[in-house]
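Visitor:
Residue numbers (the working numbering): 246 to 501.
#1: Which same chain residues, not among the five before or five after residue 307, have their C-beta less than 7 angstroms away from its C-beta?
#2: May I ask you to report which of helix, strand or coil DSSP gives residue 391?
#3: For residue 260, count the other beta carbons within 10 Å of its own beta carbon; 16 or more makes it buried, fewer makes it exposed. Which is it?
#4: Between the C-alpha atoms of residue 459 and residue 472, what's the straight-line distance to the nearest angstrom?
#5: Three-state secondary structure (DSSP) at residue 250?
#6: Under 7 angstroms, do residue 264 and residue 258 count as touching if we go by C-beta distance?
#7: Suppose the cutoff is 7 angstroms on Cβ atoms and the five residues either side in sequence are ignored; what does the same chain contact list for residue 375 look like?
#8: Grab me the residues of residue 365's own chain with a C-beta within less than 8 angstroms of its C-beta, minus the 5 sequence neighbours each way, in chain order.
#9: Relative to the alpha-carbon of residue 411, which residue among 323, 402, 438 and 399 has its alpha-carbon at the smallest distance?
#10: Which whole-angstrom value describes the C-beta separation of residue 266 and residue 490, a residue pair presumed to lie in contact below a C-beta threshold of 8 angstroms?
#11: How big is the Cα-Cα spacing for residue 407 and residue 371?
#12: Beta strand (DSSP E) containing residue 266: first to last residue?
#13: Determine the contact status of residue 403 and residue 390, defining contact as a CB-CB distance below 7 angstroms.
#14: Check residue 465 in the structure and name its three-state DSSP category.
#15: In the structure shown, what three-state DSSP assignment does residue 485 receive?
#16: Using CA coordinates, which residue listed in 326, 360, 297 and 330 is at the minimum distance from residue 271?
#17: Below 8 angstroms, how does it come out for the segment 352 to 361 and the segment 325 to 341: are there three or more Cβ pairs, yes or no?
#18: Hey, could you find the ends of the beta strand (DSSP E) residue 282 is sitting in?
#19: Alpha carbon to alpha carbon, how far is residue 393 from residue 427?
#20: Mapping the DSSP letters down to three states, classify residue 359 as helix, strand or coil.
#21: Should residue 436 and residue 456 be called a contact, given that it needs their Cβ atoms to be closer than 7 angstroms?
#22: Pick helix, strand or coil for residue 479, following the three-state DSSP scheme.
#23: Report the option in 484, 293, 462 and 275 whose CA atom is closest to the CA atom of residue 343.
#24: Is the beta carbon of residue 384 less than 7 angstroms from the beta carbon of residue 452?
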């Protein structure tokens, strides 16, 4: 699935406990285990303000006594070119220090009058809580590779991620991860989240592959949070994005 330019924004809390939300497992499936409560969200991005490069993602996370379940749906493109993906994930904690997770995806590519192809693939992740403030993780996306269309030799690339997150305080979180996508240069995502008050948070970061910085602001309204963000390219302009999150009631953990 094509990665949004602001790919780091919705999944920014993957290497955190304080900043984790329903979108965190889009970066690492194991992050589902860190949900404090069940929740759902939608994310929309218009790359360089072009309708043809619009991307939409919807997620839902359900926290249970047996672990956490996640659902993710993605759409990219327009009438003459569309990529869609539907994923089902599961994660759980193995003690207080390790979380593991996996997600299975159904992917479809449609180009009218040219080709239609689909495939099933998976991703898996591991998170380690090295201390109360320091977290590390690793994830693999489609590690076995495989062709999407044998006629055109199209395939879904494998992606490997490894990162660290540090809770500087209850209000400030910083994170960095290395990303290696098949047949592309290795990149680094560096991000932060600052929450000066409970109703407001500020996010920002940069990906070294596309060298496009992004910044966003989130506002809380009860159980809802609305974020507005944008990335900037000096030649192609801005890529605005909107994210809406809903948090359900916090689930109390039962004593084991």
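Cβ coordinates follow ideal geometry from the N, Cα and C atoms, glycine included.
The structure presented is a predicted model; accordingly, all values stated were derived computationally and were not measured.
Guide: Let's see:
#1: 283, 313 and 314
#2: coil
#3: buried
#4: So the two alpha carbons sit approximately 13 angstroms from each other.
#5: Model confidence at residue 250 stands at a pLDDT of 45, short of 50, so the residue's coordinates are unreliable and nothing is read from them.
#6: Yes. Within cutoff.
#7: 381
#8: 349, 350, 351 and 352
#9: 438
#10: 6 angstroms
#11: 10 angstroms
#12: Element bounds for residue 266: n/a, residue is neither H nor E.
#13: yes
#14: strand
#15: The answer is strand: DSSP assigns residue 485 an E or B state.
#16: 330
#17: yes
#18: 282 to 291
#19: 15 angstroms
#20: coil
#21: With a cutoff of 7 angstroms on beta-carbon distance, residue 436 and residue 456 are scored as not near each other.
#22: coil
#23: The option with the nearest alpha carbon to residue 343 is 275.
#24: no
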